[in-house]
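There are 2 protein chains.
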Amino acid sequence: MKFGVLGSGAVGHAIGNKLIQLGHEVCMGSRESSNEKGLAFARANTPKSTNGTFADAAEVGEVLFNCTSGKASLDALAIAGEKNLAGKVLVDVANPLDFSKGMPPSMLTPSTDSLAEQIQRAHPKCKVVKALNTMNCALMVDPKRLSSGNHDVLMCGNDKGAKGQVSELLQSFGWKSIIDLGDLTAARGLEMFLPLWVRLYSTFQTPDFNIKVVR
Amino acid sequence: MKFGVLGSGAVGHAIGNKLIQLGHEVCMGSRESSNEKGLAFARANTPKSTNGTFADAAEVGEVLFNCTSGKASLDALAIAGEKNLAGKVLVDVANPLDFSKGMPPSMLTPSTDSLAEQIQRAHPKCKVVKALNTMNCALMVDPKRLSSGNHDVLMCGNDKGAKGQVSELLQSFGWKSIIDLGDLTAARGLEMFLPLWVRLYSTFQTPDFNIKVVR
Chain A
276 MKFGVLGSGA
286 VGHAIGNKLI
296 QLGHEVCMGS
306 RESSNEKGLA
316 FARANTPKST
326 NGTFADAAEV
336 GEVLFNCTSG
346 KASLDALAIA
356 GEKNLAGKVL
366 VDVANPLDFS
376 KGMPPSMLTP
386 STDSLAEQIQ
396 RAHPKCKVVK
406 ALNTMNCALM
416 VDPKRLSSGN
426 HDVLMCGNDK
436 GAKGQVSELL
446 QSFGWKSIID
456 LGDLTAARGL
466 EMFLPLWVRL
476 YSTFQTPDFN
486 IKVVR
Chain B
276 MKFGVLGSGA
286 VGHAIGNKLI
296 QLGHEVCMGS
306 RESSNEKGLA
316 FARANTPKST
326 NGTFADAAEV
336 GEVLFNCTSG
346 KASLDALAIA
356 GEKNLAGKVL
366 VDVANPLDFS
376 KGMPPSMLTP
386 STDSLAEQIQ
396 RAHPKCKVVK
406 ALNTMNCALM
416 VDPKRLSSGN
426 HDVLMCGNDK
436 GAKGQVSELL
446 QSFGWKSIID
456 LGDLTAARGL
466 EMFLPLWVRL
476 YSTFQTPDFN
486 IKVVR
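In order, the protein sequence lines correspond to chains A and B.
The first sequence maps to residues 276 to 490 in my numbering.
The second sequence maps to residues 276 to 490 in my numbering.
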């Protein structure tokens, strides 16, 4: 399958490399097609891996990942372009955190909204699924590195078919427990979890942890 | 030991009854000393259990619990009175959630602040420790009802001695894993976890769950 990964930071590389490992084709999108990290990604697994602008990646991908930083996501998706997003599943991994005033970070969105909902409103024909944003990127694509994968990934979205597709994809990443929290308003809670995640990270001095919902 | 429990709702009763079970004396405070639930609490275990106003409970208690609703907490503590709070440990269990516009709830505090910090600022001589706010009250006082107690309680506060005291108290409740997230600014993350908690509650249709941090 063909994927478009928007964002060439650590998260984009983790997701992109995992998709390549699983046999998919991946175009990594950056603001400029000359982006060094995008070029490095393309070189590493050519011809399965390619790179380009946000619009190139969104055009090539049948399923898209938003791996840009939360504060840049709306811009990046506007550049990607409505015609390249319409009808496609977009897995939104980003978090709208503001680190500009130091630690702890604050939220860029009020508690009555979320980045995922902002993206969905800006691109109503795109099928936004929020997932994987509650953990470090190494864990997103390799849940078994902790406790034999005995912990949870959370997701939400308005389109059942899209969530079904993302669920299968997450299983292919190794996820055994996928909790569907319902419609996209649940993204508020998923994004507002991050200030706690950041404190846990500071406390443990490692990003290698995740939550398990014990019942 | 003598405890003051501010609030006569389900949380106040759960905490108050547990403290009585453990052999402590508890005064439950309400807005009016004629509060029916407060009177019922006092009758159930007299003379170890008593009731009164917020000021009565705060005066009697050597350690205090804020079990009022988040939107009423600052008022309740103002009524409790500075002289009754000064120098004492206050375990803040409340959550500043706004359900007035339906589900999902929004936060009453911006992401740059928390109810616990507001309480600490209003009562600088009180030693505020945020704890137990991330779960249902039945679980707060009986962690073993789930998974043999193999899940986590999170806390934070500015006073190390106060956190040590609260930690011992939590152990007496049955908690085996207590994670100290540092100073009181971590209360932002602990309180912003609640919108996710509410979605998990809606998804599972039971409040009988908690998180475990898997490492």
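Beta carbons are placed, not taken as given, at the ideal position from N, Cα and C, and that holds for glycine.
All of these numbers come straight from a predicted model, not from anything done at the bench.
message: According to DSSP, simplified to helix, strand and coil, what is A315/B?
response: Of the three classes helix, strand and coil, the one that applies to A315/B here is helix, per DSSP.
message: Closer than 9 Å between beta carbons: that is the criterion. Which residues of the segment 471-487 of chain B meet it against chain A?
response: L471, W472, V473, R474, L475, S477, T478, F479, T481, D483, F484, N485, I486, K487
message: Which residue marks the beginning of the alpha helix (DSSP H) containing L444/A, and which one marks its end?
response: 435-448
Cross-strand partners of T328/B (DSSP beta bridge): S305/B
Residues, ordered as in the chain, of the segment 441-471 of chain A that lie near chain B by beta-carbon distance below 7 Å: I454, L456, G457, T460, A461, R463, G464, L465, M467, F468, P470, L471
- prompt: Alpha carbon to alpha carbon, how far is F278/B from A369/B?
  reply: 17 Å
message: Here's the rule I'm using: 16 or more other beta-carbon atoms within 10 Å means buried, otherwise exposed. How should Q395/B be labelled?
response: buried
Beta-carbon proximity of E357/A to K323/A, cut-off 9 Å: no
field: beta strand (DSSP E) runs contained entirely in the segment 342-391 of chain A, provided each spans 3 or more residues
entry: 364-367
query: Using a Cβ-Cβ distance under 9 Å, would L297/A count as near chain B?
result: For L297/A, the closest Cβ of chain B is not nearer than 9 Å.
- prompt: Quick one: Cα of L444/A to Cα of A391/A, how far?
  reply: 19 Å
query: In whole angstroms, what is the alpha-carbon distance linking P418/B and A461/A?
result: Spanning the two alpha carbons is a distance of roughly 27 Å.
- prompt: Which class does S283/B belong to by DSSP, given the choice of helix, strand or coil?
  reply: coil
field: Validate contact between the segment 304-317 of chain B and the segment 283-290 of chain B using beta carbons, cut 8 Å, 3 pairs
entry: yes
message: Among the candidates M467/B, V428/B, R463/B, whose CA atom is the shortest distance from the CA of F448/B?
response: V428/B
query: CA-CA distance, N292/B and C412/B?
result: 11 Å
- request: Can you have a look at T481/B and say buried or exposed, based on whether 16 or more other CB atoms are within 10 angstroms of its CB?
  value: Around the beta-carbon of T481/B, fewer than 16 other beta-carbon atoms lie within 10 Å, marking it exposed.
message: Once DSSP output is grouped into helix, strand and coil, what is the label at C431/B?
response: strand
field: Chain-order list of residues whose beta-carbon lies under 8 Å from that of R474/B (same chain, five-residue window excluded)
entry: P379
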